[in-house]
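Chemist: If you're matching them up, the sequences are chains A and B in order. All you need for the working numbering is the position in the first sequence, starting with 1, plus 2. All you need for the working numbering is the position in the second sequence, starting with 1, plus 423. We treat Cβ as the ideally placed atom computed from N, Cα and C, and that holds for glycine. Attaching a single structure in structure tokens format; questions to follow.
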Amino acid sequence: MPTQPDLAGVYQQHLPSIWRYVRARVPDHADAEDAASEVFARAARGWHRYDPSKGTVGAWLAGIAHHVVADWWRQRHVEEPVAEPPTTSADSTAFDDIAGRVDAAVIRRHLHILTDRERDALALRYGAGLTSAEVGDVLGISDAGARMLLHRAVEKLRGVIRHGDD
Amino acid sequence: MATTDPFEQAIADAFRDDVPPSLERRVRAQFPSRRLQVAVGLLGFVLMNHAAGNLLFPEWIADAIHGHYDGHLYREAGVAVFGVGVLMLLAAFRHRLLDAAAAVGVPVGLGFGAIGVWEANRSLFGATVHLSEAAAAIAVLVLWWKSRYAPRRRHEERT
């Protein structure tokens with residue numbers, strides 16, 4: 003049976019991944035700090051409710067972070083903007099077709115073309131480092147659904163960066 | 424996260440962002456060290472014993488250390504030590520009080536430790552009580568320091 007990890011060790015291990023997720027989802031740096039701090043405040047309050055047999059601490063914290071970020075957007079009565087694909091093909095040369103390499107800064111510039119849900123899934127997978135099954139748990143969809151969502155988001159980004167406005 | 428697709432690796436890199444030290448400090452304050460809480464509780468316990476001795480057996484203490492007996496002084500000192508002990512015990516359960524407990528308890532415990540050295544050849548019991556207060560105070564100081572600064576240092580080394 004999994005044992006309850008030490009509360010004090012939790013933040014040291016998981017703060018970087020939770021911060022990456024929150025920072026990817028909250029545009030303002032100071033607000034992102036507040037939100038990340040709130041994640042751990044809620045975690046400290048609800049620590050007695052965490053059940054190791056139901057999942058990893060990381061997934062549990064990411065679930066809290068998902069709610070905190072949703073609350074943050076709800077309080078501002080706005081939805082995350084989704085833009086049309088960029089009209090310039092300036093970044094199309096940034097994609098190396100042979101090696102498939104692309105600069106991280108180029109990815110960041112194109113994240114806004116994704117839907118809110120796709121961005122959320124990518125931030126959970128690549129920011130918080132969750133497995134696709136854990137991403138599915140946080141988003142309330144199946145593992146297969148999460149895989150599909152992630153695949154769609156990655157391919158959409160790959161296509162836009164590779165082809166620009168083609 | 425491990426991936427063999429360079430494009431996915433670039434996505435992971437795009438999400439990479441170092442934790443601001445100010446955030447690390449804020450979060451650390453929400454997760455107290457269990458060992459620090461135990462040390463603070465122990466310091467509170469020995470201080471409460473000390474206070475009980477001052478309040479209940481002042482004449483016996485004065486006799487044991489071959490000192491001058493002043494009931495008023497003993498009782499007032501007992502009440503003061505009792506107050507510090509209560510703060511320590513509360514801090515053991517309320518981590519928001521840990522900084523205040525360390526700021527108050529450590530100097531008091533170390534001060535009693537110095538008195539314990541002086542009492543060593545007068546009253547073994549008194550010296551033991553005082554030196555145990557000093558030991559607990561040192562443990563609180565070390566653990567408080569580690570809980571406050573060691574994680575940040577590790578984080579800074581990583582970044």
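1. Quick one: Cα of Val461/B to Cα of Arg25/A, how far?
2. Less than 7 Å separating the beta-carbons of Gly65/A and Val162/A?
3. Is the number of C-beta pairs between the stretch 33-40 of chain A and the stretch 441-456 of chain B that are closer than 8 Å three or more?
4. For the stretch 512-536 of chain B, which segments carrying the alpha helix (DSSP H) assignment without a break, of at least 4 residues, lie completely within its bounds, in sequence order?
5. Mind checking Gly494/B: buried by the 16 CB within 10 Å criterion, or exposed?
6. Taking only three categories from DSSP, how would you classify Pro429/B?
7. Quick one: is Pro18/A near chain B, going by C-beta distance under 7 Å?
8. Just to confirm, is the Cβ distance from Trp567/B to Leu459/B under 7 Å?
9. Roughly how many whole angstroms lie between the Cα atoms of Tyr52/A and Gly536/B?
10. If you measure between the beta carbons of Ala72/A and Leu116/A, is that distance less than 7 Å?
11. By the DSSP assignment, the alpha helix (DSSP H) with Leu126/A in it spans what residues?
12. Excluding sequence positions up to five away, which residues of its chain have a Cβ less than 6 Å from the Cβ of Tyr13/A?
13. Just checking my contact of Arg457/B with Leu478/B at CB under 8 Å: how many whole Å lie between their CB atoms?
14. Return yes when the Cβ of Gly129/A is within less than 7 Å of the Cβ of Tyr23/A, no when it is not.
15. What residue does the alpha helix (DSSP H) around Lys158/A start on, and which one ends it?
16. Could one say the Cβ of Arg449/B lies closer than 7 Å to chain A's Cβ atoms, at least one of them?
17. Let's see if you can read the secondary structure: which residues bound the alpha helix (DSSP H) around Pro481/B?
18. What does Ala43/A reach in chain B if we use C-beta pairs closer than 7 Å?
19. List, in chain order, every chain B residue whose beta-carbon is nearer than 8 Å to that of Asp105/A.
20. When DSSP labels each residue in this structure, what does Gly490/B get in the three-state scheme?
21. Hey, out of Leu159/A, Val70/A and Arg164/A, whose CA is closest to His437/B's CA?
22. Thinking C-alpha only, which one of Arg517/B, Arg519/B and Ala524/B is nearest Gly506/B?
23. Find the nearest neighbour of Ala560/B within the set Arg517/B, His518/B and Gly508/B, judged by alpha-carbon distance.
24. Would you mind working out which of Ala562/B, Arg517/B, His491/B and Ile484/B sits nearest Ala46/A, comparing C-alpha positions?
25. Are the C-beta of Ala32/A and some C-beta of chain B separated by less than 7 Å?
26. Comparing C-alpha positions only, which one of Glu120/A, Gly48/A and Trp74/A sits nearest to Ala32/A?
27. Any C-beta of chain A sitting closer than 7 Å to the C-beta of Phe535/B?
28. Pro443/B versus chain A: which residues are under 7 Å apart at the beta carbon?
Modeler: Result, derived from the coordinates:
1. One alpha carbon belongs to Val461/B, the other to Arg25/A, and they sit about 35 Å apart.
2. Taking 7 Å as the Cβ cut-off, Gly65/A and Val162/A do not qualify as a contacting pair.
3. Yes, the stretch 33-40 of chain A touches the stretch 441-456 of chain B.
4. Entirely contained in the stretch 512-536 of chain B, not one alpha helix (DSSP H) run reaches 4 residues.
5. Label assigned to Gly494/B: exposed.
6. The DSSP-derived three-state label of Pro429/B is helix.
7. Interface residue, yes.
8. Going by C-beta atoms, Trp567/B is nearer than 7 Å to Leu459/B.
9. When rounded, the distance between both Cα atoms is 42 Å.
10. Contact flag unset, no.
11. Counting along the chain, Leu126/A falls outside any alpha helix (DSSP H), and DSSP gives it neither H nor E.
12. For Tyr13/A, where only same-chain residues beyond five positions count, the Cβ hits under 6 Å are Phe42.
13. The beta carbons of Arg457/B and Leu478/B sit about 31 Å from each other, so the pair does not count as a contact at 8 Å.
14. Yes. Within cutoff.
15. Asp145 to His165 is the extent of the alpha helix (DSSP H) around Lys158/A.
16. True, the Cβ-Cβ gap to chain A drops below 7 Å.
17. From DSSP, the alpha helix (DSSP H) with Pro481/B extends over Pro481 to Ala487.
18. Neighbours of Ala43/A on chain B, chain order: Gln453.
19. Those within 8 Å of Asp105/A in chain B are Ala433.
20. If DSSP states are grouped into helix, strand and coil, Gly490/B belongs with coil.
21. Strictly speaking, residue 437/B in this sequence is Ala, with His absent from that position. With distances taken between Cα atoms, Ala437/B lies closest to Leu159/A.
22. With distances taken between Cα atoms, Gly506/B lies closest to Ala524/B.
23. Nearest C-alpha to Ala560/B: Gly508/B.
24. The residue with the shortest Cα to Cα distance from Ala46/A is Arg517/B.
25. Output row for Ala32/A: interface = no.
26. Ranking Glu120/A, Gly48/A and Trp74/A by Cα distance to Ala32/A puts Trp74/A first.
27. Answer no: the Cβ-Cβ gap between Phe535/B and chain A never drops below 7 Å.
28. Within 7 Å Cβ-Cβ: Glu35.
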